[in-house]
Each structure stands twice: as C-alpha cells, then as structure tokens.
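Protein chains in written order, with the UniProt record's numbering: chain A, 1 to 323; chain B, 1 to 323; chain C, 1 to 323; chain D, 1 to 323; chain E, 1 to 323; chain F, 1 to 323.
No residue lacks a Cβ here, since even glycine has one placed at the ideal position from N, Cα and C.
Since the structure comes first, as structure tokens, the remarks are kept for the end.
Number of protein chains: 6
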Amino acid sequence: MFTDLPEPQLREYRSAVTDPEDFDAFWDATLAATRAFDLGLVVEPVDAGLSTIDVFDVTFNGYGGQPVKAWLRVPASATGPLPAIVQFVGYGGGRGHALEDLLWASAGYAHFQMDTRGQGSGWTLGATADPEGSGPQSPGFLTRGIDSRETYYYRRVFTDAVRAIEAARSLDSIDASRVSVLGGSQGGGIALAAAALVPDVAALVAFVPFLCDLPRAAVVTDNEPYKELGRYLAVHRDSTARVFDVLRYFDGVNFARRVTAPAWFSAALMDPTCPPSTVFGAFHNLTGEKHIEVWPFNAHEGGGTFDQALALEFIGEVVARTR
Amino acid sequence: MFTDLPEPQLREYRSAVTDPEDFDAFWDATLAATRAFDLGLVVEPVDAGLSTIDVFDVTFNGYGGQPVKAWLRVPASATGPLPAIVQFVGYGGGRGHALEDLLWASAGYAHFQMDTRGQGSGWTLGATADPEGSGPQSPGFLTRGIDSRETYYYRRVFTDAVRAIEAARSLDSIDASRVSVLGGSQGGGIALAAAALVPDVAALVAFVPFLCDLPRAAVVTDNEPYKELGRYLAVHRDSTARVFDVLRYFDGVNFARRVTAPAWFSAALMDPTCPPSTVFGAFHNLTGEKHIEVWPFNAHEGGGTFDQALALEFIGEVVARTR
Amino acid sequence: MFTDLPEPQLREYRSAVTDPEDFDAFWDATLAATRAFDLGLVVEPVDAGLSTIDVFDVTFNGYGGQPVKAWLRVPASATGPLPAIVQFVGYGGGRGHALEDLLWASAGYAHFQMDTRGQGSGWTLGATADPEGSGPQSPGFLTRGIDSRETYYYRRVFTDAVRAIEAARSLDSIDASRVSVLGGSQGGGIALAAAALVPDVAALVAFVPFLCDLPRAAVVTDNEPYKELGRYLAVHRDSTARVFDVLRYFDGVNFARRVTAPAWFSAALMDPTCPPSTVFGAFHNLTGEKHIEVWPFNAHEGGGTFDQALALEFIGEVVARTR
Amino acid sequence: MFTDLPEPQLREYRSAVTDPEDFDAFWDATLAATRAFDLGLVVEPVDAGLSTIDVFDVTFNGYGGQPVKAWLRVPASATGPLPAIVQFVGYGGGRGHALEDLLWASAGYAHFQMDTRGQGSGWTLGATADPEGSGPQSPGFLTRGIDSRETYYYRRVFTDAVRAIEAARSLDSIDASRVSVLGGSQGGGIALAAAALVPDVAALVAFVPFLCDLPRAAVVTDNEPYKELGRYLAVHRDSTARVFDVLRYFDGVNFARRVTAPAWFSAALMDPTCPPSTVFGAFHNLTGEKHIEVWPFNAHEGGGTFDQALALEFIGEVVARTR
Amino acid sequence: MFTDLPEPQLREYRSAVTDPEDFDAFWDATLAATRAFDLGLVVEPVDAGLSTIDVFDVTFNGYGGQPVKAWLRVPASATGPLPAIVQFVGYGGGRGHALEDLLWASAGYAHFQMDTRGQGSGWTLGATADPEGSGPQSPGFLTRGIDSRETYYYRRVFTDAVRAIEAARSLDSIDASRVSVLGGSQGGGIALAAAALVPDVAALVAFVPFLCDLPRAAVVTDNEPYKELGRYLAVHRDSTARVFDVLRYFDGVNFARRVTAPAWFSAALMDPTCPPSTVFGAFHNLTGEKHIEVWPFNAHEGGGTFDQALALEFIGEVVARTR
Amino acid sequence: MFTDLPEPQLREYRSAVTDPEDFDAFWDATLAATRAFDLGLVVEPVDAGLSTIDVFDVTFNGYGGQPVKAWLRVPASATGPLPAIVQFVGYGGGRGHALEDLLWASAGYAHFQMDTRGQGSGWTLGATADPEGSGPQSPGFLTRGIDSRETYYYRRVFTDAVRAIEAARSLDSIDASRVSVLGGSQGGGIALAAAALVPDVAALVAFVPFLCDLPRAAVVTDNEPYKELGRYLAVHRDSTARVFDVLRYFDGVNFARRVTAPAWFSAALMDPTCPPSTVFGAFHNLTGEKHIEVWPFNAHEGGGTFDQALALEFIGEVVARTR
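Rendered as structure tokens:
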C-alpha cells in the first residue's frame, strides 16, 4: 500500500526544513580543513579474474586525511580518458567485493565506487575505518556524533565523497570534465550532498535517496535506519531542537538548493524506508534541469535495474553534450 | 542461530529418499518426447547499452516444444568458441533484465541464462509462459501439477533445462565440450537435475540448492517456498503418500546419484529456506569429484559473491583440464 | 482499528474504475464460446453419512467445456422443485468436504456449491483443475494469465459460475426461477459477476466481496491476496496500464452496473483483506434494490453467521415474492 | 515444521504428571456439592429458520447451581429417543449462534452443545456468566482462580460438563445409554475430563485436546493459551510448585487414567497450540479401547472435517454396539 | 512514526463522548454502598531490608467491603504528618514488590501504592482478588462485567481507589489535606477517576492515561489492551450501543469534567497503546488548572523518569501552596 | 518455552572457549597503560529533589584517560564510610536519570553507577563519549573495533569498570574493603570482567549476564545484541577465526576462571537474549564460593526485583563477614 502521500500531493508538498545562514561557510571550512591533507591516492591493480574489466584497489585520504578505500573498475579495452561515475553505497554496505557492480564499467565508464567509513558489515563488505568516536548514540550511524555539526558522522562521509570525486578526477584514465555522481538510498543522499559541494560534476543520479527532509522522515516512518533518529530522541528527550539544528547542515533538502548539475531522481510510492515525500522534499528544491521517476508499486527497491537503465541513458545523454 | 543440524551431524546425515526403479525410464521418455520437437533456436542481438558485453535475446523450444526465453551474454571482444555457463534462476525470478548478472560474461564465459516458465514476477522479470494448467494447488509452483509425475511442474522445467544446454551447445560461439551448469537455490536444484540428465556437462555448481530431500524439507522448515508443500498436504490430507511418490522423480537426492561431472556445492548453517541437511542429503549422494563450502553464519544468501568467486575458480580449473 | 475510510466517507466514496465500451461484447463472446460446449452435467449421490441432507457429487462443463466439480445438498425430505442457492467459495478454498456448509440445505434450499478451478489447497479441498497455463505470474491466482483479458484466470472462473447457475437450473429438484447466487470474499466477487452475467437470478448476496475496485485495492492494503497484484506490478514495472485495462473487464465495480436482481452486501470497517471502500465502490454502482450491512468492529470475517442469518432472511423474503 | 517430537518418539513418550492420592475424593466432593442443587433444566424452542433441524435454547444449573446455557439441535423428523453427542467448545468461544455446527444433528444425533462459562467473546458467542471471581491472574481463563484447586476455573467448567451430560440424559428425546462426549482443543480437554467423571458415557472423542500434560505444555510452546500459564509463573516466581500441584487435579493425563469408554483422539505434528506430546501424554494413559489419528502436516486445525467424519464413523460404530 | 493526529490537531480535537444525566447519581450510590462497609484498615511493617524507607503492608476494604492490598512507603526519618501520593498501577501489574517504586518516598512523600484487583500477573505482582465474576468476556479486564454499569470491572476498581485515598487520609503519618493521586497508563486513568470522585485531592497526575475517550480508542488502535474492546464487539455484534452506553460511566472524558484539583497530564505522539487524541479528549474537558506535557518521539513510555521528575516539581509546588 | 538446554543439561554443559596464554599479560598491559593517566575524579552534588538520598554527578578518567560519567547515590543520613555497590548498566542504556535506581542507596549502600561509553541512547540516558573510532562494524557496540583485541570496544569498557572501582574506593564516604560489583545483562558481563581484573572486590553479582561463551552465543540465538556478531560474520565471511580469537580476551568464560570473590549469578530458562547455557558456561568456570539462581519461566528479565532482593541478602551477608 502507499506508505506516504499520493502522487498529486507529493507534487505539491514542500519541505519545512530551513537553510542555515552559515551553511556554506560551515562546509567551506570543513572542506578546506580536509584539503590541507594530501590526497594520498594509491591505485593498485587487483586480479579479480575478469577478462572484460580491470579492477583496481584504491586508497585516498578523505576527511581529516583519514584513508578511505574504493574500487576502480575500467573496461579492459579502454584507451584514453573515460567519462566516469563515482558511486556511493547504501546504508550498512561497503564498497563490496571486487566482482560486484560490474554494470557501469561494462557500459564503458570508469567506475569509482567509494567505501563508506565504518559501514560495510551489513550486506556488502567494507574496508574503511571511521577513526572518530562519538558521544552517546543509538546503534547505527545516523546519530553518531550528533552532539554537534562538527562531530556528526555524515560531515566526515560527505567530505570523503568530495575527496573521492577529486581522486577520480586526478586519474589519467578519467576525463575530469565528465565525472557524474550516483547512488541509491544512502548512496543517493551522499551523491546529492557531493553534487552540491562539487557543483561542476557532470550529472547527479539519486535513486530513492536517504538523508532528505529529516524532521519529516523522523515522524512518518518506523523503518530503519530513519528510526535510529526517533530512538535517540525518545531517550534524549531534551535534545530535539539541538539535534534538528545540527541536521540542517546535512539535509538533502538544503544540499538540493545548491546543485546545478542536471539531476535524475527516483521515488517509490510504497517505500517505507525513504518515504517519497522526503525525496520530493529535496527534489522540489533543485533549481536546474531535473527529472524524477515515480514507481507506484515499488518499495525501497525503487526501479531497480530499470532505474539503472534509465540512469545510463540520462548520463549518456548528459555526457554526450559535454564531449 | 543454526536452523538445522550442526556441521558434524550434517557430515553424517543421509537422506531417506529412495530411488524409483523406473526413474531413468521416466526421464528418458520425457526427454525423448520433447526432443521430438524442433529446438527452434532464435538468437537476436539486443542493444543493452553495454560496451564490453554483447547481449542476445534467445528463444528455444523447451518441454513439449513450448517456447522458452533466455539471455546470452558474450564478451564483446570474444573470438572463437568460448567455454559457457548455463545458469538457472532462483524461485520466483525470471531471466531478469538484460543489464543484470554481468559477472559470468565479464569473466570470459558465454553466459546462457534460462528463464523459468511461469515465474519471473517475484523479484526479477520473466518472459516465458507455462502453458500447462494444474489440478488444485497451493499458490506458487511447488505443487503445480503435483497430481502425477507426468503433470508436475518441474518435469517441464527440468526438461527446459536440458534443452537449454542443448541450445547453448548448438551455438557457434560456444565450445560444446566446455559447458557448465550453475545456479543458486531453485537454480541450483535445476542445475543439479540438468547435470544428471546431461551427464557430460563440464561442471556443476549449486549454491544452497532447493528441491533436495523433499520429505525432510517439508517438515524441518516453515519458510517459503518449501512451505507450499506443507500447506498443500495440510489440506490434501489423504495425498501424502502419493505426493511423496511423485516427488521422488524430482528430488535432488536422486539426481545426485546420477551426476558424473565435478560438482561444487554450498550450504549455509543459518539458512531457513533451504536447510543445510537437505543440501547435504543430495551432496552425499554425489559419487564423483565434489566439494561443499559451508557458511556457518549465513542464511539463504549463502556465500553470495564469495560463492561466485569460488565457483569461477572451480569452473576455471575444470574447464582448463578439458581444454 | 479502522483499515479504511470511516463510514460517512464510505457512503460518499465513488470508484474511479471506468466501464469499457466493449465490456458486454467481450462477455457475450466469452459465454457464447463456452456454451458451444455441452453442459455435460453429471449428478451422483454420495454417502456422506447424513440423515437430514442428501449430498450429490456434481460435475458439469465450465469454461471451454472443461469439467468443474460441485456439491449439491438437498433436504432429505424434499419433494418437488426447491428454491436454490448457488454458492461460490473464498480465495484458496474449494468446494470442501461433503460434510461442510450444511446451513443452506438445512434451511430448505437446494445448495449448489461450485468448486473454484485450480484452488482448493489453502483451507478447504478442491477437486477441479484449471487446465490453462499462464505467462509469468505471482504465486497465486490473481495474476494468472493477466497478460490479456482472453487469458485472465477469472475469465474462466466467472464463466464457470454462469454455467453453474445453468447447471443448477437444469435440475428437476430446483425451481429455475428461484435460484440465488451467494458467496463471501472471492465467493462474493464471483457471485457479483455471475449476477451481472445472468441478470435474472432471484437474488445476489455478497459478503465482504473481493475483486472490486481493483486499482484502489492494489494501493490501500498490503494483505493477501490483493497484494499479489502489487507484487506483480512491482516487477512488471512497465505493465501497469495494460494490467489495469485488462482488469476493467473483471472488476466488480463494472459488474455491479449490470446487476438487476435484489442485492445484499456486507462490509467490515476493520477488514484489511477486502477494504470496505472497495466494497462500497461496487455497491454504489448497483442500480436496483440493494442493502449493505456494515460491521464496525469486524475484520474480514465480517458478520460471520450473523451475515448468513440476515442473508437467509433476505433470500427468504425475495424468494417468497417470486413464488 | 514439526513443533514437537517426531512420531516415533511420541509413541514412546510418557508424561511425568503424577496422580494425587485424593484426586477422586476431590472430584467426588465437588460433584456432590453441585448435585445438591437442582438441575433446573429449561428447554425452549428457537425459530432458527431451519427446516431439517429443530433448535432449542437450553439452560441448566451447573457448578454451584449456577445457570449454564446450551443449544440442543435435533433432526426435525426425529421420533423416539436418539443417540446424543454432548459437545464442548474450544478456548475463547461459546455455544455460538443457533445456526452453527449443524453437522451432528444432520447426521441423526441429538446435539447438545454446552456453553463455556465466562468465555464466548473470542470467536463464537457465549451467553453464560462465570459468577466467581479470582485472585490475581493473567488475562484469560487458564490462571483464573489458580490459587487453589477449590477456586480454579476449570473445577467449575468440568462440573458444568458433568451436569450437561446429566441434563442431556434427562431428556425424553435422548437415549441416556447412548450419550457420547466430544470436543476439539479446550472442548477435547473438557470432554476428556467429563468422560472420566461420568465413566459410562458411550464414547469419548477429543480432537487435538488442550489441558493435557500441563507442566510440559508450559515449557514447550509459546502459543496462547498455554502461554497464560508461563506468563503467570514468570511473575508469581515463588508459586511454581503450588500451581503445578493444583493443576494435577485438572490435567487430562490424570483424567485419562479414569476413562473407560472407547476413546478416539487426534493430534497434529505441526500444532504449536496443543503440542502433540501433550496429547500423547494423556492418550498413553487411557486403558481401554482407544485410537489416535495423527496428522503430520497440520497445525492446530488437526484433521478438521476429516476428524469429524472419522469421529462420526467411530461414534456410529460404538453406538451401534450398544443398541 | 506518529500514531495519531499531529499536535496542532490534538490541540483542536474534542471528544464526542457525552455525559450521562445520572452519572453523578450512579457514582454517589456506588460509593455510598461501599462506604457502608467498614474501611478495615490494617497497616503492618515489613522488613524490606531498606534503611532509608520504612515499608508497610496495607490492607483496606474496597468495593463491596472486599479486601484490597497496598504498600505504604515512608521516609525512615519522617516525623509528623507528610504530604502523600496515592499511586495506581498500569494494566496487568499489581502493587509489585516491596522494593520497587522507591522514588516517591525517597522524595519525602508518604507513598501509598494501591494494588489493582485481579491483576498483578503480567509484569508486577498483585495480591488482591477480584471476587466478582463476569458474563462472557474477552481475556483481560476491559470487558469484564461489561454487561451492565453495575457489574463492570472498573466500577469496583474506581471505588477501591476512592477508598484508598480515604485509607491514606486516615493515617496519622499522612496530612489528609495534602494527598495527591498519580498514575501512568491504567494508573493514570484510575487517578483521573479518583480525582473526580474525591474532588478535594491536592493534585492529579496522569501519565499517558488509559481509559479515556473509549469509543475513539476502540477504533484508532489495534494495541492491547484497548483491543480487548474491539475483540469483544467483533463477537457481540449486536451489543455495541449497550457497551458504549455502559462505558460512558467510566470514561476519563466524563471524569475530567468533574476534576477540580490542579492536574498534570502527559501524552506521547508515537504512543500506540493510549493514542494521544484519547488523552487530549479527556484533558480538554478539565476545567481547572492544568498542564499537558507532549513527548513527540515517545511511545507508551511517555516521558518516563522525565515525567516523574516534572510531576515531583508540580506536586511539590501545589503542596507548598496548601501548606 | 525453553530457549536453550533444560536445567539438568545446563548443569553438565561446559563451554569450549579456551584461555589464551597471554590473557593476563594483555590485561595487565592494558590496565597499566590506563593507570598512567590520572584518575581525575570529580564529584559534584546534584539537586535531584530527594530527601533520603544524596546524589552526586561523578566524572573520572577511564580507558586512555578519557572521561567517564557516573552517579553516586548515598543515604542522606550516612556518616562514616559505607559499603559500596559499583553497578554497570545493560546494553544500550547509560547511567540514566539521577532519580532512577534508588534501591541500593535506600538499602544503605553507597551506590556508584557507571555510565557505559557511547551507549545511553536506547532506554536510559548516557552522558559519556567513546572517543575511539572503529573499522567496519555492524550497527551497535558488539563488533565495534573487533579488528583486533587492542581496538575492541569492550577493552575500553572493562578498563573503565576497573577505574570505576578504583574511583569508588578512593572516596572517603566508601569503605574500600567492602566494594562489590553488580549488574544485569551487559552490566553483569562487565561486573564479571571487573571482578576478574580487580580480584579483591567484596562480591560479584551478575544477573543473566551478557558477554559469556561468545562462540556459542553467536549460534544459539537470533536475538539482539548477540545477533550483531552473526550479522558481522555473515558479511566478513573470512574473519571468523580472527574474530573469535579476539573475543577470547573478552569472554566471561575466561574472566570467570580468575574471579576469587564470592559470586551470585542468575539465569533464566526462557531467556532468548542471554541463553542460559552461555551463563552456565561462565558460571561453571568460577572456582570460589558461588551460587546460581535459575528462573524457569522467565525470559531476559530473569528474577527482576526478586534477583535484586536476593542480591541484597547475599551482599549483606558477604559484607557482614568482612566488617
């Protein structure tokens, strides 16, 4: 059944999340502090047993100069710089196994798949530590460091994402002017933040994105991982105002205001994990070229491979323009 | 938690399923009847948007000469006949989207992925009808046509699988002497049957296979889809003996006795869907070269990509011998 | 808790399902094709061990001349033609055991209980095959053959129902002018269709009917069996328009427009299986004499025996008029 | 899946419940005290709208002279005293609606269906009060008055059952020498107790009986209503010994030792409500003619109508002997 | 997620429960009848092993002169009459263990904790019988005796509560002019009734109170124990009007109209057990000094210790005024 | 139902966890490193609004000199050094609210309740950060830092616990020779570790302790939080040996070998969270004076207040000896 508003109301819905005055200053300072560290990019070939794709084990320095892992997959036959897709991963997963996610490289892109720090023990393997601790938190990542915007977990993750784009762009095999960002669920939320913080990416693709319209997300679903937030606030009863003030600096609704690249979103009307109103809450704030694909009968899987096929078309077309 | 016996007991466990005297006669007659129909193989290129893999939409005539769909994926750069992997799909799914399951072709194999008749509406798309009806049945496929061995649903599916192998072998791009069969869950059960019915396949790979040791499966788990059987027998209270007699002709335990190709199995100790004892029930009846990988902390996902990586190694090694 | 709209809004709600221009032509052709086959009625006495009721095992030819089973139960003391009740069964069940459902014959009616083809393995026994196959479908019956109106499962079931009425009417023990149709849940949906296709039945009784207002049913509940539809559409993402176009020919909302017999419905405000708005969606389209009983605190059991007692009163009164 | 021991172990299993020395004295005194009250039998015809069965609303004085309701259903054509079936009802239900449970009268028996005091609000209607209060108890009936054997709820219910048999036997329409007792689940447990307390009943039928082997029942299932016991003991941590001492006077295991009538039991191997070992615990203590029907694939529904059909055969045969 | 209306709508919502003309007459007569029995107060010291608090085992005669247990906890160092808090307990629990609930005495109050008759087997121990029986009822206490206002279970409980206040006030150690009533969930509902029936209590504290706005509670949640009501009405289909007429005499909405003491309530927006609209339904009817604390992210635990801390402040301030 | 072995088998069961040779060396080095930091104890009075108990907000430096919070509660009337109870908290909780857990101080003990770093957002408030990060981990705390024994989360927590005892002992109000450790679930596991690492504590009390017999715990229950371990190992498929080697340094089974203080344990036979065999696994390794209380009908609540009352008796008796 529909888990949220029907589509006509979604088209009208607008998020109530406001934009902090010092949002850009906060992020400028954050990125500047991390850019003071060397990128430290290391790219090592991996014998994954594939014949059509070359796989590389990538390490670069993310937030605070802390090492972050990634996979780089490139068509084996590639010559010359390729358009690239930097992918971010869904909640709980990591960059996974070298043999996973072969689609994007098979389609002719350099595929740079960033690990998510501290995650990667839920459904796909991760290999990146989150060396920062946390105040009291709910099990999970959504309330890690939520005491302040400086210590919040996603400050580190979004900074990693910016550095991942910079790492990808620095590679000879990649055409820096044709680097797109893409992800589903948490990966979509990270891609959205990254596209705001690196406005000249070629394209943004966010499948059923997480991390959008957080005050609404916290009260319209009981599903994990948004429920982590409600669980925290049920105990930290006097911290609601503080927590939502911190979250304004990390809400896709505010990142969306800053995206200028062409954007392709999807939302699913039976999604209890990332309720479609929260996705529309971010989508409506995009000011550039944009599209949202609505899947009426799907839950959080959204369009699945159909989403991917449409994203390939979209990126192909955007990248063709910039060639 | 463990859903079945602990590993040392699994190593000792033996299935009580007996081998019908006319098992081979039944299957010989079944296959002969279908082979009376032309294979009717049609292979049409598909523009899937990939650069490293060529995808073909395949149709061939399966059981009773009825059309069955498949995908053929071949490395774009391939020249000369390739070793092939014929893959069968898990319960409820179909051959899926052209963009899915790129691993095997990326690893250099011709990948022939057979659709499962009537299924393909549960998690991946199917495109093949099952034109045969059924007596009273539980929702699902496990009790379709269970009134007799002649009408049982899997008689048609296993025959389709044999014809899929024959179709693959008939292709110029495929080296008929190096065709392996592979699948997970229901796909593993079909692969096991196919390797028994086509004993000269190069190798058999069955991840956490379904359709094994059925009388035990029916009483040691409440999970779908084995529960379909229990649900049927709860209503058809006087049909138990008849049903289990029919199922002897379709049980992996009996197919395993007939497999001669090298075989690679996996089982998961926390799997409530295909309890590991049922997998061992079949595995112990294999008489040739065999290996079983046991995943102690996994449920029905088994080894996941780890299973696939190990299977690639195994097939690679087997195929290398036959070169 | 209420699972749908509160009663005042149910009274106002109108379904958005539209009436296909060729609805009647489709059904005229369908029935004509089946009527080309002989009815082939066979009625055999059964020794059920009862002293007040005689039970007969009935076979007649339904859709496509395919055999359909039924029970006929008649008061043992009956002389002369009786008013009759043709009953259809809920989803998953069959005509059941000879000893079940003794109410209607005990109340003095000839009780003709039709089996539902292919079902009868979920909670009561069935004995009728559905010899037609299907394209890819969800486990169950709601998406069987949904590729086209010609192949859709309920085309066959509704045609069987028409033939069941004709079979009942052809019996000497039954007064053809006083044959009512009745059923609960799926049985109510079949009764509604039958009363539209055989407009001169004496009365229509539908307890919490299924198969009404299908596009709404697919999005306002997650309960089986309506969920089969959503599950199918979640995979067959590009088939939504086609599927709902097919379903217009089978929707109780459209059959209701064509019913002229007095009708008695029930709906339950806590019913998650057949949400009351879908029942009202059909009910409001009835143009003749009609009544709907609303059970505020019941789930899908509706009024249970209270519904049956009220239906007995209603049918008794209607039949008395026609005597 | 099997919810308890496999059948061979059930055949060997013996209950550890011991027989209190003063068991018979306790029950003799209990029945004597109630028999001091007049039976107060009132039988009033009801217009249930049936033509083959006459229904009567019965009131008699049960435990402590407190009024208990019942239905009496008799074939409309009956002349002369009939063999009778006194039926007791499952947990939570009551005697139900006059139109329910027509099987036994339709088969030619006088059917005397006793209400269960205080119950009848869970799935069928009850009309009998339990005017006695209780010490602290879990919601439900299994721990009502469990402080002592004198105040325990089932002391009253079993006494009602004895009086129901006496009431039935006192009716002209019933042949007192051919009165059997029957019930399913709680009804089976009551029938078992009644057959022990009124040893000259013609036959005992207990479908998947409740109230047997209570110390084991309390630890081998989490299903209601046995769970009421565990919930009580989880709070009344120092009452375990006392509670199980009280329950010895009400355990089917001890009543079974005293039954002399021919007995027919059923048990279901997938029954989580009345686990089959608890049924066998009582069954093995029967010392006379006995049969147990085992349903391997059924849960608490047991054999359903199949059980009833077999019970009709069994009672028919037993009653034929005594004619 | 929010389980009921959002806060702005809760502020506007008004209950539809009406006030019976003879509400006060009914309760006056009820209390008068009980007051005809002696209070029979017995207070016995208990060696609970505490050094800062003295614990007493209390018995007094409640409804119908029936004995009711309580704990009295007093600061060990106390001299002279203390302000008191009479506490009532949540559904299923009893007065508990002597060592539980030490907060109120530790804060300097005489703490009189009343047992709830018949309960005390669900999560804390009870020691008080409910010697009155019941007509047919759902398992639990909410429909016990619901046949009439005279026999309804809460008539007895609320009368016990009045007598508990009178018992507390009669103690030398307690200052009768400074006795407050307090409770959570069912305890809050009892406190509310008690504050209406004993209007000169010093203060009323009700955390997430139960037993308010019952017709709405019965249809807006499926959680226990309100569901007991719906389950009863689902079977007693023709008793809805009678049941809701009886409940008007016990609904917090009507008691609230009669409270004159300062009142402190809490409600939780994610509470599925006592949905916040039902709490507001009562709260809005309070006519005196009142406050409601709203916990947006909490379920039925409400403010927990935060509620208690705020209640201590509130009672402290109210009691200070009256000193 | 029983969730694990029956009691006689629990009495025989012995854990297979082995004792690492360098276990003591590891812990000696760990504690030495932390003791290099100043204890930094700060004790500040809190106005909690209580009259019988004085509450203090405590901060001390735990593992790595990182600040840890605690509450100190002392009877208001206390003079001279008191026996003390150092309490550790269950999983997910923190030291809670100043008004909680008044029992131990009310019984005359100085009650020192340590916060658990990073937790305190699940059911009671925490106020202590865990400033150390982690490699990839499951949501929660059980796999945080599980890459090595040096980085494992409980290395820090157990060190905090040792420092908490040292902090308590350093207070004038506490008699250092009469300090006991106590906790339930995770708190019991921490108390067990602390009693091994500080062998001269007066007594050890562990209610249904967590963190015992971890390899067995990981496969005999699916409940949180032990499931965190299984979830991690299901993804990190090649880390099983490494993980269980790390866990040997933190397993209660090994700490138990080193405890010399009198010990009081409880276990519950229906506990799915800390299955009783894992508790017995540790208990059987205790070599000194010991008792285990077994609750047959309880789940993870164990004996609840009954456990506390027995623990008070036990500690009282032990402390009396040492006076």
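Closest Cα partner of D175 of chain B within the set B:F283, B:A78 and B:R258: Within the second sequence, residue 175 of chain B is the residue found at index 175, counting from 1. Here the closest residue by C-alpha is B:A78.
Nearest neighbour of A107 of chain B, chosen from B:F158, B:G92 and B:L82 [CA to CA]: Here residue 107 of chain B is taken as the residue at index 107 of the second sequence, counted from 1. The residue with the shortest Cα to Cα distance from A107 of chain B is B:L82.
Contacts around T52 of chain C, its chain only, beta-carbon distance under 6 Å, and the 5 residues preceding and following it disregarded: Here residue 52 of chain C corresponds to residue number 52 of the third sequence, with the count starting at 1. Beyond the five residues adjoining it in sequence on each side, T52 of chain C comes within less than 6 Å, by CB distance, of A76 in the same chain, given in chain order.
Neighbour flag for V219 of chain E against chain C, beta carbons, 9 Å: Start at 1 with the first residue of the fifth sequence, and residue 219 of chain E comes out as number 219. At a cut-off of 9 Å between beta carbons, V219 of chain E contacts chain C.
Partners in chain D for P75 of chain C, counting only beta-carbon separations shorter than 7 Å: Here the question's residue 75 of chain C lines up with position 75 in the third sequence. Those are S51 and T52, listed as they occur along chain D.
Residues in the segment 138 to 151 of chain D having any Cβ partner in chain F nearer than 7 Å: Here the close residues number zero.
Cβ-Cβ distance between P67 of chain C and T124 of chain C below 9 Å: For this step, residue 67 of chain C is matched to residue 67 along the third sequence. For this step, residue 124 of chain C is matched to residue 124 along the third sequence. For P67 of chain C and T124 of chain C, no; Cβs fall outside 9 Å.
Between the CA atoms of D213 of chain E and P272 of chain E - distance to the nearest angstrom: Against the fifth sequence, residue 272 of chain E aligns to sequence position 272. Against the fifth sequence, residue 213 of chain E aligns to sequence position 213. Straight across, the Cα-Cα distance linking P272 of chain E with D213 of chain E is about 14 Å.
Where D245 of chain C falls: helix, strand or coil (DSSP): Position 245 of the third sequence, counting from 1, holds the residue named residue 245 of chain C. D245 of chain C sits in a helix when the DSSP states are folded into three classes.
N-terminal and C-terminal residue of the alpha helix (DSSP H) that V220 of chain A is part of: In the first sequence, the residue the question calls residue 220 of chain A occupies position 220. Residues L214 to V220.
C-beta atoms of F208 of chain F and G184 of chain F nearer than 9 Å: Sequence index remark: in the sixth sequence, residue 208 of chain F carries index 208 (1-based). Sequence index remark: in the sixth sequence, residue 184 of chain F carries index 184 (1-based). Residue identity check: residue 208 of chain F is Val in the sequence provided, not Phe. Judged by their CB atoms, V208 of chain F and G184 of chain F are nearer to each other than the 9 Å cut-off.
Start-end ranges of the beta strand (DSSP E) lying completely within the segment 249 to 315 of chain D, minimum 3 residues: Complete beta strand (DSSP E) runs here, min 3: 263 to 268 and 290 to 295.
Residues from the segment 283 to 301 of chain E in contact with chain A, defined by Cβ distance under 9 Å: If the cut-off is 9 Å between Cβ atoms, the segment 283 to 301 of chain E has W295, P296, F297, N298, A299 and E301 near chain A.
Below-9 Å beta-carbon distance, residue 334 of chain F vs any chain D residue: Limits of chain F in this structure are 1 at one end and 323 at the other, which puts residue 334 of chain F out of reach.
Whole-angstrom distance between R95 of chain E and K69 of chain E, CA atom to CA atom: Within the fifth sequence, the letter at position 69 stands for residue 69 of chain E. Within the fifth sequence, the letter at position 95 stands for residue 95 of chain E. The alpha-carbon atoms of K69 of chain E and R95 of chain E are separated by roughly 8 Å.
3 or more residues per run - each beta strand (DSSP E) lying fully within the segment 43 to 114 of chain E: As far as the segment 43 to 114 of chain E is concerned, its whole beta strand (DSSP E) runs of at least 3 residues are 53 to 61, 67 to 75, 82 to 88 and 110 to 114.
Three CB pairs or more closer than 8 Å across the segment 215 to 222 of chain B and the segment 286 to 296 of chain B: Verdict: no, contact absent.
Buried or exposed by the 16-neighbour rule on C-beta atoms within 10 Å, applied to Q9 of chain E: The residue you call residue 9 of chain E lines up with position 9 of the fifth sequence. Answer is exposed; the Cβ neighbour count stays below 16.
Assumed close pair W71 of chain F, V58 of chain F - CB separation to whole angstroms, cut-off 8 Å: The residue labelled residue 71 of chain F in the question sits at position 71 within the sixth sequence. The residue labelled residue 58 of chain F in the question sits at position 58 within the sixth sequence. Contact between W71 of chain F and V58 of chain F holds, since their C-beta atoms are separated by about 7 Å, short of 8 Å.
Rounded separation between Q188 of chain A and M1 of chain A - CA only: By 1-based counting over the first sequence, the position of residue 188 of chain A is 188. By 1-based counting over the first sequence, the position of residue 1 of chain A is 1. With the sequence shown as reference, residue 188 of chain A is identified as Gly, and Gln is not the correct amino acid for it. When rounded, the distance between both Cα atoms is 24 Å.
Under 7 Å by beta carbon: chain A residues contacting A206 of chain B: What you label residue 206 of chain B is simply residue 206 of the second sequence in a count that begins at 1. Within chain A, no C-beta atom comes less than 7 Å from the C-beta of A206 of chain B; the nearest is roughly 19 Å away.
Inter-residue Cα distance where the pair is F283 of chain D and V205 of chain E: Along the fourth sequence, one-based indexing puts residue 283 of chain D at 283. Along the fifth sequence, one-based indexing puts residue 205 of chain E at 205. Just so you know, the alpha carbons of F283 of chain D and V205 of chain E end up roughly 56 Å apart.
Distance between F158 of chain D and I146 of chain D (C-alpha atoms, nearest Å): Numbered from 1 along the fourth sequence, position 146 holds the residue referred to as residue 146 of chain D. Numbered from 1 along the fourth sequence, position 158 holds the residue referred to as residue 158 of chain D. Rounded to the nearest angstrom, the two C-alpha atoms are 15 Å apart.
For E228 of chain E, the residue or residues it bridges with in DSSP: Here residue 228 of chain E refers to the residue found at position 228 of the fifth sequence. Per DSSP, none; premise fails for E228 of chain E.
Reduced DSSP secondary structure (H/G/I, E/B, other) of E21 of chain B: Sequence index remark: in the second sequence, residue 21 of chain B carries index 21 (1-based). Residue state for E21 of chain B is assigned as coil, using DSSP reduced to three classes.
Chain-ordered neighbours of R237 of chain C on chain A, where CB pairs are closer than 7 Å: For the purposes of this step, residue 237 of chain C is identified with residue 237 of the third sequence, where counting begins at 1. The contact set of R237 of chain C on chain A, defined by CB atoms closer than 7 Å, consists of W295, G303 and F306 in chain order.
Residues in the segment 113 to 142 of chain B having any Cβ partner in chain A nearer than 7 Å: Under the 7 Å Cβ criterion, the segment 113 to 142 of chain B contributes no residue.
Min CB distance L233 of chain A to chain E below 9 Å: In the first sequence, residue 233 of chain A corresponds to position 233, counting from 1. For L233 of chain A, the answer is yes, since a Cβ of chain E falls inside 9 Å of its Cβ.
G312 of chain B at chain F interface by Cβ criterion, 9 Å: Counting from one through the second sequence, the residue named residue 312 of chain B turns up at place 312. For the sequence presented, residue 312 of chain B should be read as Leu rather than Gly. Chain F contact via Cβ: absent.
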